[in-house]
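Counting in the numbering used here, the sequence shown runs from 1 upward without gaps. C-beta atoms are modelled at their ideal positions from N, C-alpha and C, and glycine is treated no differently. To keep things clear, I will list the structure first and then write my remarks on it.
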Amino acid sequence: MGKTRKIPQRMCIGCRNMKNKKDLIRIVRTPQGDIELDTHGKKPGRGAYMCADPDCFKKSVKSKGLEKALDKSIPVEIIAHIEKQIQSISS
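Printed below as a string of structure tokens:
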């Protein structure tokens, strides 16, 4: 009998639901302090996971969940840039 593999679970910082890691997107604060969308989930740095839903992103910005998760204040320009990237992924 083969072992069943555990599927990694992560919590979306917008809607706070647990989902499979591969179903979420990752936003990362790099060691240099930049905030980027991590499309492959392999970039080094502190990461936060969320659904590829613009509404979840808006919730995380409004509640400051993204800033808390990344432990850094995020300028409006970067928030707008990441929001555009998430909208292009979700459409």
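Proximity below 8 angstroms, CB of residue 25 to CB of residue 52: On the sequence shown, position 25 is the one that residue 25 refers to. On the sequence shown, position 52 is the one that residue 52 refers to. In this structure, residue 25 lies near residue 52, with their beta-carbon atoms less than 8 angstroms apart.
Test item: CB-CB of residue 66 and residue 7 under 8 angstroms: In the sequence shown, residue 66 corresponds to position 66, counting from 1. In the sequence shown, residue 7 corresponds to position 7, counting from 1. Not in contact: residue 66 and residue 7 (Cβ atoms no closer than 8 angstroms).
Spatially closest choice to residue 33 from 22, 74, 13 and 91, by CA coordinates: Residue 33 sits at position 33 when you count from the first residue of the sequence shown. The residue with the shortest Cα to Cα distance from residue 33 is 74.
Alpha-carbon spacing of residue 79 relative to residue 37, whole angstroms: Within the sequence shown, residue 79 is the residue found at index 79, counting from 1. Within the sequence shown, residue 37 is the residue found at index 37, counting from 1. Straight-line Cα distance between these residues: approximately 11 angstroms.
Opening and closing residue of the beta strand (DSSP E) in which residue 24 lies: By 1-based counting over the sequence shown, the position of residue 24 is 24. Counting along the chain, residue 24 falls outside any beta strand (DSSP E), and DSSP gives it neither H nor E.
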